[in-house]
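Read top to bottom, the protein sequences are chains Y and D. Using the working numbering, count along the first sequence one by one with no gaps and you end on 488. Using the working numbering, count along the second sequence one by one with no gaps and you end on 488. From the three backbone atoms N, C-alpha and C, an ideal C-beta is built for every residue, glycine too. These notes concern the structure reproduced below.
There are 2 protein chains.
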Amino acid sequence: MPRGDEKRLTPQDEDFSAWYNELVLRAELADRGPVRGTMVMRPYGYRIWELLQGELDARIKATGHENAYFPLFIPESYLHREAEHVEGFAPELAVVTHAGGKDLEERLVVRPTSETVIGEMFAKWIESHRDLPLLINQWANVVRWELRPRLFLRTTEFLWQEGHTAHATEAEARAETATALGFYSEVARDVGALAVVAGDKTASERFAGAVTTMTIEALMRDGRALQAATSHFLGTNFARAFDITFTSEAGVLEHCQTTSWGMSTRMIGGLIMGHGDDKGLVLPPRLAPIQVVVVPIGRDAERAEVVARAEALAGELRAGGVRVRVDDRAHLSPGAKFNEWEQKGVPVRLELGPRDLAAGVATVAERLGEGKVAVALDEVVATMPERLAAFQQALLARSTAFLADRTAPAASLAELAVAVGRGFASILHCGRVECEDTVKEATTATPRCVPHDAPDEEGPCAICGQPSAYGRRVLFARAY
Amino acid sequence: MPRGDEKRLTPQDEDFSAWYNELVLRAELADRGPVRGTMVMRPYGYRIWELLQGELDARIKATGHENAYFPLFIPESYLHREAEHVEGFAPELAVVTHAGGKDLEERLVVRPTSETVIGEMFAKWIESHRDLPLLINQWANVVRWELRPRLFLRTTEFLWQEGHTAHATEAEARAETATALGFYSEVARDVGALAVVAGDKTASERFAGAVTTMTIEALMRDGRALQAATSHFLGTNFARAFDITFTSEAGVLEHCQTTSWGMSTRMIGGLIMGHGDDKGLVLPPRLAPIQVVVVPIGRDAERAEVVARAEALAGELRAGGVRVRVDDRAHLSPGAKFNEWEQKGVPVRLELGPRDLAAGVATVAERLGEGKVAVALDEVVATMPERLAAFQQALLARSTAFLADRTAPAASLAELAVAVGRGFASILHCGRVECEDTVKEATTATPRCVPHDAPDEEGPCAICGQPSAYGRRVLFARAY
Numbered sequence: 009m010p011r012g013d014e015k016r017l018t019p020q021d022e023d024f025s026a027w028y029n030e031l032v033l034r035a036e037l038a039d040r041g042p043v044r045g046t047m048v049m050r051p052y053g054y055r056i057w058e059l060l061q062g063e064l065d066a067r068i069k070a071t072g073h074e075n076a077y078f079p080l081f082i083p084e085s086y087l088h089r090e091a092e093h094v095e096g097f098a099p100e101l102a103v104v105t106h107a108g109g110k111d112l113e114e115r116l117v118v119r120p121t122s123e124t125v126i127g128e129m130f131a132k133w134i135e136s137h138r139d140l141p142l143l144i145n146q147w148a149n150v151v152r153w154e155l156r157p158r159l160f161l162r163t164t165e166f167l168w169q170e171g172h173t174a175h176a177t178e179a180e181a182r183a184e185t186a187t188a189l190g191f192y193s194e195v196a197r198d199v200g201a202l203a204v205v206a207g208d209k210t211a212s213e214r215f216a217g218a219v220t221t222m223t224i225e226a227l228m229r230d231g232r233a234l235q236a237a238t239s240h241f242l243g244t245n246f247a248r249a250f251d252i253t254f255t256s257e258a259g260v261l262e263h264c265q266t267t268s269w270g271m272s273t274r275m276i277g278g279l280i281m282g283h284g285d286d287k288g289l290v291l292p293p294r295l296a297p298i299q300v301v302v303v304p305i306g307r308d309a310e311r312a313e314v315v316a317r318a319e320a321l322a323g324e325l326r327a328g329g330v331r332v333r334v335d336d337r338a339h340l341s342p343g344a345k346f347n348e349w350e351q352k353g354v355p356v357r358l359e360l361g362p363r364d365l366a367a368g369v370a371t372v373a374e375r376l377g378e379g380k381v382a383v384a385l386d387e388v389v390a391t392m393p394e395r396l397a398a399f400q401q402a403l404l405a406r407s408t409a410f411l412a413d414r415t416a417p418a419a420s421l422a423e424l425a426v427a428v429g430r431g432f433a434s435i436l437h438c439g440r441v442e443c444e445d446t447v448k449e450a451t452t453a454t455p456r457c458v459p460h461d462a463p464d465e466e467g468p469c470a471i472c473g474q475p476s477a478y479g480r481r482v483l484f485a486r487a488y
Numbered sequence: 009m010p011r012g013d014e015k016r017l018t019p020q021d022e023d024f025s026a027w028y029n030e031l032v033l034r035a036e037l038a039d040r041g042p043v044r045g046t047m048v049m050r051p052y053g054y055r056i057w058e059l060l061q062g063e064l065d066a067r068i069k070a071t072g073h074e075n076a077y078f079p080l081f082i083p084e085s086y087l088h089r090e091a092e093h094v095e096g097f098a099p100e101l102a103v104v105t106h107a108g109g110k111d112l113e114e115r116l117v118v119r120p121t122s123e124t125v126i127g128e129m130f131a132k133w134i135e136s137h138r139d140l141p142l143l144i145n146q147w148a149n150v151v152r153w154e155l156r157p158r159l160f161l162r163t164t165e166f167l168w169q170e171g172h173t174a175h176a177t178e179a180e181a182r183a184e185t186a187t188a189l190g191f192y193s194e195v196a197r198d199v200g201a202l203a204v205v206a207g208d209k210t211a212s213e214r215f216a217g218a219v220t221t222m223t224i225e226a227l228m229r230d231g232r233a234l235q236a237a238t239s240h241f242l243g244t245n246f247a248r249a250f251d252i253t254f255t256s257e258a259g260v261l262e263h264c265q266t267t268s269w270g271m272s273t274r275m276i277g278g279l280i281m282g283h284g285d286d287k288g289l290v291l292p293p294r295l296a297p298i299q300v301v302v303v304p305i306g307r308d309a310e311r312a313e314v315v316a317r318a319e320a321l322a323g324e325l326r327a328g329g330v331r332v333r334v335d336d337r338a339h340l341s342p343g344a345k346f347n348e349w350e351q352k353g354v355p356v357r358l359e360l361g362p363r364d365l366a367a368g369v370a371t372v373a374e375r376l377g378e379g380k381v382a383v384a385l386d387e388v389v390a391t392m393p394e395r396l397a398a399f400q401q402a403l404l405a406r407s408t409a410f411l412a413d414r415t416a417p418a419a420s421l422a423e424l425a426v427a428v429g430r431g432f433a434s435i436l437h438c439g440r441v442e443c444e445d446t447v448k449e450a451t452t453a454t455p456r457c458v459p460h461d462a463p464d465e466e467g468p469c470a471i472c473g474q475p476s477a478y479g480r481r482v483l484f485a486r487a488y
């Protein structure tokens, strides 16, 4: 089928990476910035982020957290106060050495994450048990110098939210870590229509400075995993480094128990690779900047009429809370428009031509459907919310089935190698980093998580045969 | 009246600057960050920003602009492409020289504003007249190294939105500049309850690289002006520097006409100083994080009952869209709570004690009112939206009257010196920078703007006697 002057996307099976890079640019989600590794989020991509932000922010606020804003620049010495933290982040730092026309006395780090500067402020604000829990979230940009940058997935600067909380007891802080992971899972599944596995990271994959790290892991269409969000129980590691203390009800000075958790613009990469196909993006309706595109079809004398009717139809849909665009560009053919909006992942397309109008129908095509159907105009409007909800459900069902189909148990390194070629390998694992390294060298796969909902199981490690740790299976995969 | 253990704020008349600094910290709007000149926006202050963002973002989107996000880091060479621009910003730049463990080949500037990097991207995206107008907005942090930092007013890093647009004709771009100033005026007046004067900057106060700069100027309670937002017509200055061209309908390659415009967290400083009094903040209801605070009053056996009734009342108000807080802290006296919420500028306080409950009333105190009144509970709920709207209107009326009262014509430097001691001096001005310098040296006042709505008037310059420029009077003031 001719596609006008639009070049064909490289098929996923041919080169998934090329498919991804082409699609991000052609769908106008993002562009490369002038500085290597930086990204420009174009309006279409940024709007997805705004919709995701709105969903996540509502859940963060509903659970008692308040937004605040902390400085971009952190004195370099702060990072050194928590030994594991600086070791983890030092190689990725961008450093300001010069400002206001002078060399600075102390170098300033551009925040790679804000535990240190927020820890310093928490220490100042928290005095008594009455000040706890302190539940703070920040929407911000962060910088981590990337050697192998990729749009959305690994960019030198990215946008995220980072929650930071302080509690009187370990139990409360651990519960908070789970609460945060809970709304990440909910947003991924119910909003992003992405199946995810929630679990704990093994020691080697923990956040630098954390006692435990929880994660949600999604599976991309090429069988690689993507860490979509993480939530960390930090124990008293940062409280000790920054002297975050409180006087308990009993009058005793104690260190706070802290947590941190974040989801970033990387999630958009997950949506692209988790749902997209050879035609382009497939966006879940709840995050689609345009849920319905109306394409009026007609030339010359007919044109004014169909455009007017398309605008009227769009107005009715809009009144029902649907995000609609009428594509009335005169210089493009209908076919070129169809391809463009398919590539941009718009869930529903309505075609409106003179014959449709005469019959009182619109021709409806869904992004994941085959063919088109004629639907009465008033019914199109009345049923659109259900149609979009059904699309959302079908996309989640597809993602859930895909993840289940691509997860396989493995009892040896050879079996694991086969499984991670398709998706997740589920293995009994001794928990030693030596075995993880063996897997990584042989297959490039890494431990993704110890799933929270896996059944109890013990036995010999699939790699070394020593007794398994964790009391359940561990998921390995090649990952982004 | 005893104020518990809360220290008295320094009165405005005694030391306005001390009043401001104390209030920002005590009302928990913001705190100083660890790096000199940086600011932490605490939840109460950040919530005001979120409410302001919501109002402004809705207006930006309603006028056809789309949000996007551009990189924080800009190659230093970009700033040099527009000669006036680099001259204006060079002294304030923070520079990254080191990243990812290595010295960088090209130094990176942390964006002080984004005309350059956005110009580079516009050049890439715009080809034809069909791509115009391009109407983009960005919510972001920017960095300008400040020698004399003050919380909200001048911080090394601040949050803002920056609109950037490209047009085919000068007339369209000039109209866009006015559109942006229009929604700034509307937000300042209708949302912030701050009277502002909208006008053009004189040449000496223009944005570095602009052809014309429009501004809205508010008057603080100490008689100093505050520039609350600006909108710039950039002509083809940046289009030439970054090669932003388009092919016209006639097939001719032309430079675009561009604009930029911004409002920042500085506006919060304007709200504090434009409305506050010796008791503390006075927040306009539309931007108040808490519009109504309910203070249950009762001890021991009574306490549970009044707290329950206060929660029920708050629930009813919340259902009506009112932002309410119940202050049921047991360890503070009612008087201490009254002072705290007055200092935090909450528009309406409802006291609920056993006698109120017995009489079926709440005791109502407004932040700007004298004394208290008893109002039937159902009436309190039913009339709260009107009460808040009336408060909002009264605050704007007070601000409008204040600005009018503090604006005086002046026909000489001596008269100007008196006028700028109270507020705005309105003078006929020759337009020469020499006269502006004379005023500045004698009084520290600067030209704030040539008001758009001033009547036509000409005559001798108040300073030098030469013929006036602009065809109308110019406002001078001491400014933040």
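Between the alpha carbons of residue i and residue j, how many angstroms are there, rounded?
i               : j               : result
H106 of chain D : A102 of chain Y : 6 Å
L155 of chain Y : G284 of chain Y : 26 Å
P297 of chain Y : E170 of chain D : 22 Å
F241 of chain Y : E123 of chain Y : 12 Å
A344 of chain Y : A183 of chain Y : 52 Å
V334 of chain Y : E350 of chain Y : 15 Å
A416 of chain Y : R162 of chain Y : 28 Å
V125 of chain D : L31 of chain Y  : 23 Å
G243 of chain D : A412 of chain Y : 58 Å
G431 of chain Y : R486 of chain Y : 8 Å
N347 of chain Y : L291 of chain Y : 15 Å
S85 of chain Y  : S239 of chain D : 40 Å
F528 of chain D : R307 of chain Y : Any answer about residue 528 of chain D is impossible in this case: the structure gives chain D only from 9 up to 488.
Round the Cβ separation of residue i and residue j to the nearest angstrom and send it over; I've been treating them as touching at under 8 Å.
i               : j               : result
A76 of chain Y  : I134 of chain Y : With a Cβ gap of about 14 Å, A76 of chain Y and I134 of chain Y do not count as contacting.
L325 of chain D : V300 of chain D : 6 Å
L404 of chain Y : A201 of chain Y : 4 Å
If you run the structure through DSSP and keep just helix, strand and coil, what is residue i?
i               : result
V43 of chain Y  : coil
L143 of chain D : strand
T221 of chain D : strand
F399 of chain D : helix
I126 of chain Y : helix
T454 of chain Y : strand
D257 of chain D : Position check: residue 257 of chain D holds Glu in this sequence, whereas Asp was assumed. Coil, per DSSP.
S25 of chain Y  : helix
I298 of chain D : coil
Q351 of chain D : helix
Do residue i and residue j have their C-beta atoms closer together than 8 Å?
i               : j               : result
T185 of chain Y : T267 of chain Y : yes
G282 of chain Y : M222 of chain Y : no
E310 of chain D : P362 of chain D : yes
P79 of chain D  : M47 of chain Y  : yes
R414 of chain Y : G231 of chain Y : yes
V204 of chain D : S193 of chain D : yes
V94 of chain D  : V104 of chain D : no
G270 of chain Y : F246 of chain Y : no
E90 of chain D  : A249 of chain D : yes
V458 of chain Y : L421 of chain Y : no
Y52 of chain Y  : K287 of chain Y : no
Exercise. So, do the region 469 to 483 of chain Y and the region 438 to 445 of chain Y have three or more beta carbon pairs nearer to each other than 8 Å?
Worked result: yes
Exercise. Okay, do the region 368 to 376 of chain Y and the region 384 to 399 of chain Y touch, 3+ Cβ pairs below 8 Å being the bar?
Worked result: yes
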